[in-house]
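Asker: Residue numbers (my numbering): 10 to 230. This is the structure, below, for whatever I ask next.
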């Protein structure tokens with residue numbers, strides 16, 4: 010139990026360290042094949058699938074329902090007070106920067122249009138909105154990524170521990186069976202020894218009986 014707690018603590022510390030340097034930044038990149046624009050980006054230590062699932066769940070917890078299409082989430086005509094009190098359109102795209110199995114990195118881009126505007130906001134057009142968006146990504150989204158990573162690592166370690174425990178239980182069961190078999194063999198050996206001794210005694214008794222019969226025959230003659 011103590012080792013498990015230490016292991017979990019080590020996982021939490023290592024994941025926190027991996028996520029501690031995550032900071033959002035303003036960027037200009039492609040929304041899709043036909044459109045580019047201003048956005049706020051953040052590089053997170055997570056697979057593309059996890060980064061997208063975490064964002065979708067986080068926004069859903071804020072009562073925002075959007076559409077998912079490939080590597081893009083779309084939220085149209087929403088009010089998200091965390092960022093702005095105006096109606097906005099928000100698009101979130103996900104790009105794999107590193108597909109490392111141990112430390113994958115995904116670039117997350119958030120594009121925001123305000124009101125009926127088709128322009129993507131930047132700090133030049135709405136500084137407060139961008140500041141709020143960056144704060145959302147740097148705190149709540151980064152924390153959600155961190156929590157998800159910890160949960161995944163703990164689940165993986167728990168699975169490994171359970172697998173090892175099952176192997177130990179199997180070995181213990183085999184040892185118990187073999188110990189029982191040895192005990193049975195020992196009892197059988199002991200029984201066989203007793204049977205041999207009994208047979209020896211029977212043979213000796215038979216010899217003595219034969220000798221007595223031979224002696225009796227000699228006396229008759």
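The C-beta atom is built at its ideal place from N, Cα and C for all residues, glycine as well. As the structure is a prediction and not an experimental result, all values here were calculated from the model.
#1: Residue range of the alpha helix (DSSP H) that residue 91 falls in?
#2: Please return the same chain residues whose Cβ sits closer than 8 Å to the Cβ of residue 96, not counting the five positions on each side in sequence.
#3: Looking at residue 1: is its Cβ nearer than 8 Å to the Cβ of residue 101?
#4: If you check the beta carbons only, do residue 103 and residue 46 fall under 8 Å apart?
#5: From the DSSP output, in three-state form, read off residue 214 for me.
#6: Measuring alpha carbon to alpha carbon, tell me which residue in 34, 56, 225 and 73 is nearest residue 158.
#7: Could you tell me the distance, in whole angstroms, from the CA atom of residue 6 to the CA atom of residue 199?
#8: Measure how close the beta-carbons of residue 33 and residue 147 come, nearest whole angstrom, since I'm counting them as under 8 Å.
#9: Could you round the C-beta distance between residue 138 and residue 93 to whole angstroms and report it? I think they count as a contact, below 8 Å.
#10: Any idea which residues DSSP pairs residue 47 with across the strands?
#11: Going by beta-carbon coordinates alone, are residue 62 and residue 48 separated by less than 8 Å?
#12: Between residue 154 and residue 53, is the Cβ-Cβ spacing less than 8 Å?
#13: Got a sec, what are the start and stop residues for the alpha helix (DSSP H) residue 141 sits in?
#14: Residue 255 to residue 113, Cα distance in whole Å?
#15: Just verifying my parser: in three-state terms, what is the DSSP assignment at residue 165?
Answerer: If we stick to the structure as given:
#1: From DSSP, residue 91 is part of no alpha helix (DSSP H); its letter is neither H nor E.
#2: 86, 87, 88, 123 and 124
#3: Past the boundaries of the shown model lies residue 1; the chain is included only from 10 to 230, so the question cannot be answered.
#4: no
#5: helix
#6: 56
#7: It is not possible to answer for residue 6, since the shown part of the chain is limited to 10 through 230.
#8: 5 Å
#9: 5 Å
#10: 37
#11: no
#12: yes
#13: 136 to 144
#14: There is no way to answer for residue 255, as the model of the chain reaches only from 10 to 230.
#15: helix
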